[in-house]
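Inspection log for the structure reproduced underneath, given as structure tokens.
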Amino acid sequence: MTTITAGRLTFNRRRVAIFFLDHVIEIFLIILIVALTFGAKGFLTWANWMNIFRANSLRGIIAFGMTMVIIAKLIDLSIGSTVGLAGVVVALACRDLTAAGMNLNIACIIGIIVCFLGAIAIGWFHGFFQHKTGMPAFIVTLASLYALQGLAGRLSGGFPIANQFPAWFNQLGGGRVGGQNGVPIPAVVLIICFLILWFIMDYTTTGRASYAVGGNPESARLSGINVGKTKIIAFIIIQIMAVISGFMLSGQVMSGTFTFGKGWELDVIAAVVVGGTSFDGGVGKVWGTLIGVIFMGVISNGMTLLNFDPYTQNIVKAVIMFLAVLLSSYRAKLKA
Amino acid sequence: MSDFRIRTEHITKDYPGTRALEDINVSFDSGRVHALVGKNGSGKSTLVKILAGAVKPTLGEFYLNDEKLHFNSTSEAYARGIITVYQEMSLVPGLSVAENIFLGRLPIKNKVIDWRKAYQMTSLLLQQMKVNINPREEVGRLSMWQWQVVEITKALSFNPKVIMLDEPTSALAQNEVQNLFEAVRALRDQGVIVIYITHKLQELPKIADTVTVLRDGRMVGNVQMSEVEHKDIINMMFGEVRIQSRPKDIKAQDEAIMEVRGLSREGWYQEVNFKLKRGEVLGIAGMLGSGRTELVRGIFGADPVDQGEVVIEGKTYKSANPIKMVLAGVGLTPEDRKSQGLILIHSIRDNLCYASMNITAKGWLENKRKRSAFAEKQVKELGIRLHSLDALCESLSGGNQQKVVVGNWLNTSPKIMLYDEPTRGIDVNAKQQIFEIMWAEARKGVSTVFISTELEELLEVCHRILIMRHGRIVAEVNPDTLNTNELYELCMRGDE
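Sequence order for the protein chains is W and D. Using my numbering, the letters of the first sequence correspond one by one to residues 833 to 1168. Using my numbering, the letters of the second sequence correspond one by one to residues 226 to 721.
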């Protein structure tokens, strides 16, 4: 009798623990928001929150693509370079095509189209060669990181290409929906990208195939899943998101600069990992990444409001990322 | 050199629901090679685990000379000089032979590794084993038998009293086996008790001094090798096998659904030709390494083939791949369900619906309701026991996992099912259920290719059996006209 009760108790406690661990990052976020609301003046205001979104959306967008890539047990380190290259390409198109007599708007749109085609080509290249040769995605995309950055540097001659864009391109990164105090357009794009990726991962065969490929590529292959195609699609999607992010960043500052986006890959990966996506592949949620992005943004913002210096901020972020991954590996153990 | 003897008294081991070993009394002397044989599930690995300290016996005890042994862990057995060399290789390919043998205990002089001494000690051990291997060679560059010898030499370096070799030749080619045997004899001549676990009976006359046969957890024979013949051992291993007959109503139709023509893959199988009829259960019998697994993987397009073609319902496939084969209505349950058949970290629901993904979906849009319905159907029809469809696949027992692999394919409504060792590592009940699934599918007109190491299973289940040896199909037999021993002989012939 006692043993049965005890058994049931531990069973319930285990379920509570799993629930807690499943939602640990959401719970952390709520606690953090409540604490900052009382501790930091000006935290819980509309303006401040829009500020948080404005500052984090550009990287957040790429994080959704990275979620898909990591779930498929891949990685894309080249996205930072893609961000810089996209701005440079559009700026060059605006400058050189108008110099040849073309309408500025059309020149800009041509630049944008070239970037999207480039994103598809780069994504295809990553997926195709990783799959065919079995080279680690880490290496394939690390090579691209250098190559694309070098290409952006050469195309721009190593200098920012400033003030070439049409006004609407500036709005893309700096504008707001609903006037002066409205929602920044990057935040709107962030939410749209979240919805798209969430839909892909949860409601399409490609999304399910990504989970399968990351969970066990051999089993997926022997079940008749097209592993190569799945990898290529994931790599193309993240490159497209990096390009979109690059447009908004260069529009925001009205300049195509080849160093834009440098080092972003690690921030993006951090947000994905904090959001509970497993580095071993096969496990993760786009929703978790949204929370991860907001979480990282809220921490930076809160610490800035509380006058922490940026160095301390880095240390605190490190500790939080470490704890998040520690807890999710504990969760995996508890479930097994 | 002093004499040792390890002796068991009334060793019994119970697992929930089954008795793995019953009243085992056996003794093994030093300086001899003792073969321990029995088919899968006979209890030989349980006995080995008990001696190695990995498992505690339910009843009975065992002695080294006259001292009673009692182990709480494998390291305690290790410390007493009882060492097991398992099939799974434990060596680090990137390190040298010497480093591997003295891993974690390399000789130290003046706080740095004394390489000269390490190589000397290794040379000495290798000399004792009478093999010519360079202690400085990287293990990854050695051939399989040398690798196995290094593994045994490593065991020897611990000054063991007992070395248990678990199927040491299973990964070796025929000519390599001879070399390994010489090393094993050298080991025996060091005065070690060598316990040699195998299922390859043709090896016994060459290497064993005594043979101990287990069947269904009991010791059915303990004899001097010189006193018995091959067929005596087979009789001891298999005994009077009660063969359950295949239901009479399952008849293969005359029309062939699949034809394999001249399929070859260099080094694995050559010129394979056969026809599979609609509704037929076709067995392929052959020893490990005969090429049977590679053959079905080739048919399914899981591995490339060099020559030949597969014709399914009139359509010719020259270079197949799993994507094409799923569309053609072929399913494969792979040999290793954990690493090739399932995604263990995903739910049972997902695992039941991967192969049928494009059937449950509408175009590229998922239909979750249909997917759940498909999963539930298989759970019900195959009798998969689970708490929830959302539970992870790794939480299931081996038999239930195998049913999930099968269910994954049945959801595609296949016309041809290829089963590669579907009964490995699952209990007798689950085995019977897998057979019943095969029969039920055969009644619906599904054709089956069934591979198994357990020959009596093939006799029980199949309409027709092909014998495969060294990558070729050498015979076709009718299971109603022969018994397990004859089938075994057919699979082994020419191996001597």
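Cβ coordinates follow ideal geometry from the N, Cα and C atoms, glycine included.
With a 10 Å radius around its C-beta and 16 neighbouring C-beta atoms as the bar for buried, classify residue i as buried or exposed.
i	result
Phe-851 of chain W	exposed
Glu-591 of chain D	buried
Ile-524 of chain D	buried
Ser-1042 of chain W	buried
Lys-1063 of chain W	buried
Asp-705 of chain D	exposed
Pro-1018 of chain W	buried
Val-848 of chain W	exposed
Ile-836 of chain W	Bear in mind that the predicted position of Ile-836 of chain W carries a pLDDT of just 40, short of 50, making it unreliable; the figure below should be weighed with that in mind. That one is exposed.
Thr-612 of chain D	Rather than Thr, the amino acid found at residue 612 of chain D in this sequence is His. Classification of His-612 of chain D: exposed, given that the 10 Å Cβ count is below 16.
Met-967 of chain W	exposed
Ile-236 of chain D	buried
Asp-1112 of chain W	exposed
Ala-1009 of chain W	Looking at the sequence shown, residue 1009 of chain W is not Ala but Val. Classification for Val-1009 of chain W: exposed.
Arg-330 of chain D	exposed
Ser-638 of chain D	exposed
Gln-1012 of chain W	exposed
Thr-834 of chain W	With a pLDDT of 34 at Thr-834 of chain W, under the threshold of 50, the modelled position of this residue cannot be trusted, and the question is left open.
Trp-370 of chain D	buried
Leu-1158 of chain W	exposed
Arg-886 of chain W	buried
Arg-891 of chain W	buried
Thr-378 of chain D	buried
For residue i and residue j, which I take to be in contact (beta-carbon distance under 8 Å), what is that distance rounded to the nearest angstrom?
i	j	result
Pro-559 of chain D	Asp-645 of chain D	6 Å
Gly-1116 of chain W	Thr-930 of chain W	Not confirmed; about 44 Å, so no contact.
Ile-1069 of chain W	Phe-948 of chain W	About 12 Å separates the two Cβ atoms, so there is no contact after all.
Ile-573 of chain D	Gly-1114 of chain W	Contact doesn't hold; Cβ gap of about 15 Å is too wide.
Ala-700 of chain D	Leu-715 of chain D	6 Å
Can you tell me whether DSSP reads residue i as helix, strand or coil?
i	result
Gln-1071 of chain W	helix
Gln-626 of chain D	helix
Asp-645 of chain D	strand
Phe-253 of chain D	strand
Leu-1004 of chain W	helix
Ala-433 of chain D	coil
His-235 of chain D	strand
Arg-718 of chain D	coil
Ile-907 of chain W	coil
Asp-182 of chain D	Residue 182 of chain D cannot be examined here, being either before or after the span of chain D that is shown, 226 to 721.
Val-521 of chain D	helix
Tyr-240 of chain D	strand
Asn-1048 of chain W	coil
Tyr-579 of chain D	coil
Gln-415 of chain D	coil
His-259 of chain D	strand
Pro-1018 of chain W	helix
Val-856 of chain W	helix
Thr-585 of chain D	helix
Ala-879 of chain W	helix
Val-453 of chain D	coil
Ile-1057 of chain W	coil
Ile-836 of chain W	For Ile-836 of chain W, the predicted model reports a pLDDT of 40, less than 50, meaning its position is unreliable; a value from the coordinates is still stated below. In this structure, Ile-836 of chain W counts as helix in the three-state DSSP scheme.
Who are the neighbours of residue i on chain W, taking C-beta pairs under 7 Å?
i	result
Glu-646 of chain D	Under the 7 Å cutoff, chain W gives no residues; its nearest Cβ is about 14 Å from Glu-646 of chain D.
Asn-583 of chain D	Thr-1037
Ile-570 of chain D	Gly-1047, Gly-1114, Val-1115
Pro-559 of chain D	Leu-1054
Leu-590 of chain D	Tyr-1035, Thr-1036
Ala-586 of chain D	Thr-1037
Asn-633 of chain D	Ser-1055
Closest Cβ-Cβ distance between residue i and chain A: below 8 Å?
i	result
Leu-567 of chain D	No chain A is present in this structure, whose protein chains are W and D.
Give me the chain W residues within the contact set of residue i, using Cβ-Cβ distance strictly less than 9 Å, ordered along the chain.
i	result
Met-171 of chain D	Because chain D is modelled from 226 through 721, residue 171 of chain D falls outside the range shown and cannot be assessed.
Tyr-579 of chain D	Arg-1040, Ala-1041, Ala-1044, Ser-1051, Ala-1052, Ser-1055, Gly-1056, Ile-1057
Ala-323 of chain D	Result: empty, since nearest Cβ-Cβ is about 31 Å, beyond 9 Å.
At a cut-off of 7 Å, would you count residue i as near the ligand GDP, judging by its Cβ distance to the nearest heavy atom?
i	result
Ala-279 of chain D	The ligand GDP is not among the ligands present in this structure, which contains no ligands whatsoever.
Find the residues of chain D that neighbour residue i, judging by a C-beta separation of less than 9 Å, and give them in chain order.
i	result
Ala-1043 of chain W	Here residue 1043 of chain W turns out to be Tyr, not Ala, going by the sequence shown. Those within 9 Å of Tyr-1043 of chain W in chain D are Ile-568, His-571, Asp-575.
By the criterion of Cβ-Cβ separation under 7 Å, what are the contact partners of residue i in chain D?
i	result
Arg-1040 of chain W	Met-582, Glu-591
Mind pulling the chain D residues with CB within less than 8 Å of residue i?
i	result
Glu-1050 of chain W	Ser-564, Gln-565
Checklist entry - Which full runs of the beta strand (DSSP E) of 3+ residues lie inside the stretch 269–350 of chain D, going along the chain? => result Those beta strand (DSSP E) runs which fall completely within the stretch 269–350 of chain D and span 3+ residues are 284–289, 292–294, 307–310.
Item to check | Sequence ranges, alpha helix (DSSP H) only - wholly within the stretch 644–716 of chain D, length at least 4 | outcome: Segments of the alpha helix (DSSP H) lying fully in the stretch 644–716 of chain D: 653–668, 680–686.
Checklist entry - What are the start and end residues of each continuous beta strand (DSSP E) run of 3 or more residues lying completely inside the stretch 917–964 of chain W, in chain order? => result Complete beta strand (DSSP E) runs here, min 3: none at all.
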